[in-house]
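S.K.:
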Amino acid sequence: MGDRGPAQKGAKKVNYVRLGLIGIAGLVALSVVGGSFYTVDQRKRVVLLTNGAVVGEADPGLHWKLPFVQSAVSISVESHRVEFDKMEAYSRDQQPAVMKLSVLYHVPTDRVSEVYSRFTSTANLEDRVVEPKVLEQSKNVFGQFDAVTAVQERVRLNAQMAGAIHEAIGGMNAPIVIEAVQIEDIQFSPEYMRSIEQRMQASVEVDRLKQNALREKVQAEIVGTKAGAEANAIRQRAQAEADATKLRGDAEASAIRARAEALGSNPGLVALTQAERWDGKLPTTMVPGATMPMMNVGK
1 MGDRGPAQKG
11 AKKVNYVRLG
21 LIGIAGLVAL
31 SVVGGSFYTV
41 DQRKRVVLLT
51 NGAVVGEADP
61 GLHWKLPFVQ
71 SAVSISVESH
81 RVEFDKMEAY
91 SRDQQPAVMK
101 LSVLYHVPTD
111 RVSEVYSRFT
121 STANLEDRVV
131 EPKVLEQSKN
141 VFGQFDAVTA
151 VQERVRLNAQ
161 MAGAIHEAIG
171 GMNAPIVIEA
181 VQIEDIQFSP
191 EYMRSIEQRM
201 QASVEVDRLK
211 QNALREKVQA
221 EIVGTKAGAE
231 ANAIRQRAQA
241 EADATKLRGD
251 AEASAIRARA
261 EALGSNPGLV
271 ALTQAERWDG
281 KLPTTMVPGA
291 TMPMMNVGK
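So the sequence shown is numbered by UniProt numbering: it starts at 1 and just counts up by one.
1) Could you check whether the Cβ of residue 160 sits closer than 8 Å to any heavy atom belonging to the ligand FMN?
2) Pick out the complete alpha helix (DSSP H) segments inside the stretch 93 to 148, 4 residues or longer, and give them in chain order.
3) What's the gap between the Cα of residue 133 and the Cα of residue 41?
4) On the DSSP bridge list, what partners appear for residue 45?
5) Among 252, 92, 72 and 246, whose alpha-carbon lies nearest the alpha-carbon of residue 151?
6) Residue 235 to residue 227, Cα distance in whole Å?
7) What separation, rounded to the nearest whole angstrom, lies between the Cα atoms of residue 148 and residue 81?
8) Write down the C-beta distance between residue 183 and residue 101 rounded to the nearest angstrom, noting that I regard them as a contact closer than 8 Å.
9) Alpha carbon to alpha carbon, how far is residue 248 from residue 230?
10) With which residues is residue 187 paired in a DSSP beta bridge?
11) Can you round the beta-carbon distance between residue 54 and residue 77 to whole angstroms, since I take them to be within the 8 Å contact cut?
12) Quick check on residue 253: buried or exposed, where buried means 16 or more other Cβ atoms within 10 Å of its Cβ?
13) Cβ atoms of residue 106 and residue 176: under 9 Å apart, would you say?
14) Runs of 3 residues minimum, wholly inside the stretch 155 to 188: which ones carry the beta strand (DSSP E) assignment?
15) Given a cut-off of 9 Å, decide if residue 63 and residue 38 are closer than it, judged by their beta-carbon atoms.
16) Going by beta carbon distance, what residues of the same chain come within less than 7 Å of residue 145, once the five residues before and after it are set aside?
17) Run through DSSP, which three-state label would residue 85 get?
Take a look at the structure:
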């Protein structure tokens, strides 16, 4: 019995060692199997490394790699939004302002290896390319606008700022595409904002007065035109009446002249006219000294 005890203990140790080796082998096998493939999401691309060196890229799907030798680094190619809060800048008329800006960008699918080689990650890309150029160009462009113009022509300010940022980042040949730049907010001091509001109200009032003056001028022109038309109508009516009176007078004068000429050329016409108009009765009363109308019947 005493001889079997150490033998049993030795056998148990061997079994433990064997189990340990089996466990280690299993872990190694799992590591080999698990490290021999990888999947790529649709919104990403993978940079494949062999001993730390870039050897290729992988598109979405299932891919194989050499365990322990190769590794896969994911680079996002979807759109990223970067916000810049409380950006301080000065307008052309030296008014301090605080801006909020947002930039939308993505990494081109054919330049993911360059992102890893130059920046390692998109976070470093933002820190070393996007942020410095956005801060620089936004201040430069904002400094070309007066404070009032920046408020009133914000669309033009946004367009010029976006163009400057595009050009600056493009000049670095960075593996990035700027999709959009948007000015979210511009804040001046409360006192200056009140002064801007007062100036805008004054400008609106001036425009209103100009419109009223123009409207009154047009109305006066309409009244003058109408009065002129009425005066012309009155003159035309008076002229027509004068012409008609003249025509009637000319006609009457012509008739009188014609009658006088007829009487002058035929003196008996008067006696004939009297005879034609006499009713055959003598006057019943006579004024003393008056002559009796008589007809010459002997001729």
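By construction, the Cβ of each residue, glycine as well, lies at the ideal position given by its N, Cα and C atoms.
Owing to the predicted nature of the structure, the values given are computational and were not obtained by experimental measurement.
M.R.: Quick look at the numbers:
1) For the ligand FMN, the structure offers nothing, since it holds no ligand at all.
2) 112 to 119, 122 to 125 and 131 to 142
3) As a first step, residue 133 must be located in the sequence shown, where it is residue number 133. As a first step, residue 41 must be located in the sequence shown, where it is residue number 41. Rounded to whole angstroms, residue 133 to residue 41 spans 30 Å at the Cα level.
4) Against the sequence shown, residue 45 aligns to sequence position 45. DSSP, once it has assigned bridges, lists 75 as partnering residue 45.
5) The residue given as residue 151 occupies position 151 in the sequence shown. When only C-alpha atoms are compared, the closest one is 92.
6) On the sequence shown, position 235 is the one that residue 235 refers to. On the sequence shown, position 227 is the one that residue 227 refers to. If I take the Cα positions, the gap works out to 12 Å.
7) The count along the sequence shown starts at 1 and reaches residue 148 at position 148. The count along the sequence shown starts at 1 and reaches residue 81 at position 81. Cα to Cα, the separation comes out at about 29 Å.
8) To locate residue 183, count along the sequence shown from 1; it is residue 183. To locate residue 101, count along the sequence shown from 1; it is residue 101. 6 Å between Cβ atoms; contact.
9) Residue numbering aside, residue 248 sits at position 248 when the sequence shown is read from its first letter. Residue numbering aside, residue 230 sits at position 230 when the sequence shown is read from its first letter. About 27 Å.
10) The residue you call residue 187 lines up with position 187 of the sequence shown. 98.
11) Residue mapping note: residue 54 aligns to position 54 of the sequence shown, counting from 1. Residue mapping note: residue 77 aligns to position 77 of the sequence shown, counting from 1. About 17 Å separates the two Cβ atoms, so there is no contact after all.
12) As a first step, residue 253 must be located in the sequence shown, where it is residue number 253. Its Cβ having fewer than 16 others within 10 Å, residue 253 is exposed.
13) Counting from one through the sequence shown, the residue named residue 176 turns up at place 176. Counting from one through the sequence shown, the residue named residue 106 turns up at place 106. Contact flag set, yes.
14) 177 to 187
15) On the sequence shown, residue 38 is found 38 positions in, with the first residue counted as 1. On the sequence shown, residue 63 is found 63 positions in, with the first residue counted as 1. Yes. Within cutoff.
16) Here residue 145 corresponds to residue number 145 of the sequence shown, with the count starting at 1. Hits under 7 Å: 91, 92 and 157.
17) Here the question's residue 85 lines up with position 85 in the sequence shown. Here residue 85 sits in strand by DSSP.
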